[in-house]
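Enquirer: So the protein sequences, as listed, match chains X and D.
Per our numbering, the first sequence starts with residue 5, numbered consecutively.
Per our numbering, the second sequence starts with residue 5, numbered consecutively.
There are 2 protein chains.
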Amino acid sequence: MKRKPIQHYEARAAVAKALAHPSRLLMLDALAKKEMCVCDLTELVGADQSTVSKHLAVLKHAGIVDVRRDGVMTYYRMKIHCLEGFWKCVESVLRQNLKDQSAALGV
Amino acid sequence: MKRKPIQHYEARAAVAKALAHPSRLLMLDALAKKEMCVCDLTELVGADQSTVSKHLAVLKHAGIVDVRRDGVMTYYRMKIHCLEGFWKCVESVLRQNLKDQSAALGV
DNA sequence: TGAACTCATGGTAATATTGCCATAGACGTA
DNA sequence: TACGTCTATGGCAATATTACCATGAGTTCA
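(1) Give the residues from the stretch 15–28 of chain D that approach chain X closer than 9 Å (Cβ to any Cβ), ordered along the chain.
(2) Return the CA-CA distance between Ala107 of chain D and Asn101 of chain D, expressed in angstroms with no decimal places.
(3) Would Val56 of chain D and Val42 of chain D be called neighbours here (beta carbons separated by less than 8 Å)?
(4) Checking contacts by CB at 8 Å: is Gly75 of chain X closer than that to chain D?
(5) Taking the Cβ atom as the reference point for each residue, do Arg7 of chain D and Trp91 of chain X lie within a distance shorter than 8 Å?
(6) Does any residue of chain X bring its CB to less than 8 Å from the CB of Lys83 of chain D?
(7) Check whether the Cβ atoms of Ala20 of chain D and Leu23 of chain X lie closer than 8 Å to each other.
(8) Does the beta-carbon of Val82 of chain X have 16 or more other beta-carbons within 10 angstroms, so that it is buried, or is it exposed?
(9) Should Val71 of chain D be flagged as near chain X, meaning a C-beta pair shorter than 8 Å?
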């Protein structure tokens with residue numbers, strides 16, 4: 005098992021960083037179901053359109069979503085399908101953590 | 005399919021944020037194999053001991069690692085085992101992205 | 001051409017993250 | 001008790017992230 009270079013972890017960190025914002029995760033959850041335009045996502049998130057556009061640029065730059073232009077509209081779609089299962093696993097662990105903590109407090 | 009509340013995505017973002025640093029990912033990769041003390045991890049990362057300690061606090065607070073005290077030493081160990089598969093999937097997608105981009109450039 | 005629409009990009013202020021130094025706390029041992 | 005070792009925690013400066021406003025770029029249609 006050879007040691008991975010630091011660049012390897014920087015690449016991973018770039019992906020994690022792109023995931024590290026609730027608005028982006030909300031959009032990804034929606035994009036997992038179907039592609040959506042910036043206007044749809046702006047309404048979904050409820051922030052300024054420019055803010056949403058920048059969030060999408062982050063996701064695109066990280067290689068998590070893909071873009072398709074159609075006239076005036078720009079449609080974003082999911083490119084990484086590892087997320088659903090990942091969050092499911094993470095959340096089951098976090099739920100168990102909470103249970104353990106409750107038990108430790110003698111509830 | 006009911007809409008998840010914003011708190012749901014904030015919880016996810018907290019985990020992603022904890023993962024969003026190369027040093028922390030390096031430590032997690034090592035911790036996936038065996039528990040390690042702060043001194044081991046400090047040597048692994050090559051940063052100041054206080055820096056490593058703070059990184060570990062971030063991982064612990066996110067519920068990603070667990071702590072065990074033994075005398076003077078503090079051992080950290082992995083608590084979430086979803087990461088290995090997740091990164092494997094992510095990296096395969098990123099590799100494919102690169103291939104597609106190369107092909108698009110007509111290489 | 002010009003207005004309306006969709007989206008992206010500077011600019012900027014507020015906030016968060018990060019790393020190191022100094023230092024404090026906790027434990028084992030002489 | 002005193003000392004050495006291992007960790008954790010303030011403090012602080014440098015850097016990064018974020019949100020909004022204003023505006024620009026590209027497209028459609030009358």
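Ideal placement from N, C-alpha and C gives every residue a C-beta, glycine not left out.
Expert: In short, the structure shows the following:
(1) Contact residues of the stretch 15–28 of chain D toward chain X are Ala15, Arg16, Ala17, Ala18, Val19, Ala20, Lys21, Ala22, Leu23, Ala24, His25, Pro26, Ser27, Arg28 (C-beta to C-beta distance below 9 Å).
(2) Taking the first residue of the second sequence as position 1, residue 107 of chain D is located at position 103. Taking the first residue of the second sequence as position 1, residue 101 of chain D is located at position 97. Using only the alpha carbons, I get a separation of about 10 Å.
(3) Walking along the second sequence from the start, residue 56 of chain D turns up at place 52. Walking along the second sequence from the start, residue 42 of chain D turns up at place 38. Contact flag set, yes.
(4) On the first sequence, residue 75 of chain X is found 71 positions in, with the first residue counted as 1. Look at Gly75 of chain X: its C-beta is not under 8 Å from any C-beta on chain D.
(5) What you label residue 7 of chain D is simply residue 3 of the second sequence in a count that begins at 1. What you label residue 91 of chain X is simply residue 87 of the first sequence in a count that begins at 1. Arg7 of chain D places its beta carbon 8 Å or farther from that of Trp91 of chain X.
(6) Here residue 83 of chain D refers to the residue found at position 79 when the second sequence is read from its first residue. Yes - at least one Cβ of chain X is within 8 Å of the one on Lys83 of chain D.
(7) Along the second sequence, read from residue 1 onward, the residue named residue 20 of chain D stands at position 16. Along the first sequence, read from residue 1 onward, the residue named residue 23 of chain X stands at position 19. Going by C-beta atoms, Ala20 of chain D is nearer than 8 Å to Leu23 of chain X.
(8) In the first sequence, residue 82 of chain X corresponds to position 78, counting from 1. Going by the sequence as given, residue 82 of chain X is Met instead of Val. Per the 10 Å Cβ criterion, buried.
(9) Here the question's residue 71 of chain D lines up with position 67 in the second sequence. No Cβ of chain X is located within less than 8 Å of the beta carbon of Val71 of chain D.
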